[in-house]
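Heads up, the sequence shown is in the numbering used here, so the first residue is 1 and it goes up one at a time.
Idealized CB from N, CA, C, for every residue including glycine.
All figures in this text were calculated on a predicted structure; none of them were measured in a lab.
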Amino acid sequence: MTSPRDPLAVVRAIDAELTHVWMVRTFLKHADESEEDEDLREVVRDLYDFILAVGPVTDETDTAVYIKMAKKKLRRLRGATELYEAIQPEVSGHTNFAMAAKSLRLAVDRIIALIQTPQ
Numbered sequence: 001m002t003s004p005r006d007p008l009a010v011v012r013a014i015d016a017e018l019t020h021v022w023m024v025r026t027f028l029k030h031a032d033e034s035e036e037d038e039d040l041r042e043v044v045r046d047l048y049d050f051i052l053a054v055g056p057v058t059d060e061t062d063t064a065v066y067i068k069m070a071k072k073k074l075r076r077l078r079g080a081t082e083l084y085e086a087i088q089p090e091v092s093g094h095t096n097f098a099m100a101a102k103s104l105r106l107a108v109d110r111i112i113a114l115i116q117t118p119q
């Protein structure tokens, strides 16, 4: 088993959390509500920006570069999460939208904790 302080293990754990962020992004992107709401489209763009910036993880991933980019883009990920939490009740009170907010918050909180883990 890999140590939690192992940089590749940290990067893989972040990548695993990004699967949840990706699914929330995909749900929001394809929701009819996103056609009418610019803030919701901004959330979708910012989530995608973070995912694209760090890129997929492989055994050859430069962990220092990955972590540096994740730290650099963290403000946008946090901002997108906070914006979605703020607008979600107005966008839709449907359980799917509420659960998407919870799922996004859980994944982003875990990503933040992983990024802040001393290497």
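Integer Cβ distance of residue i from residue j, believed to fall under 8 Å
i	j	result
residue 21	residue 51	6 Å
residue 7	residue 63	4 Å
residue 24	residue 103	6 Å
residue 83	residue 43	6 Å
Buried versus exposed call for residue i [16 or more other C-beta atoms within 10 Å across all chains shown]
i	result
residue 86	exposed
residue 45	exposed
residue 2	Residue placement at residue 2 is flagged as unreliable, the pLDDT there being 47, under the threshold of 50; a coordinate-derived value is accordingly withheld.
residue 113	exposed
residue 15	buried
residue 88	buried
residue 106	exposed
residue 70	buried
residue 31	buried
Residue i, DSSP secondary structure in three states
i	result
residue 58	coil
residue 117	coil
residue 93	coil
ask   = Residue ranges of each alpha helix (DSSP H) run of no fewer than 4 residues wholly in the segment 2-36, ordered along the chain?
value = 7-30
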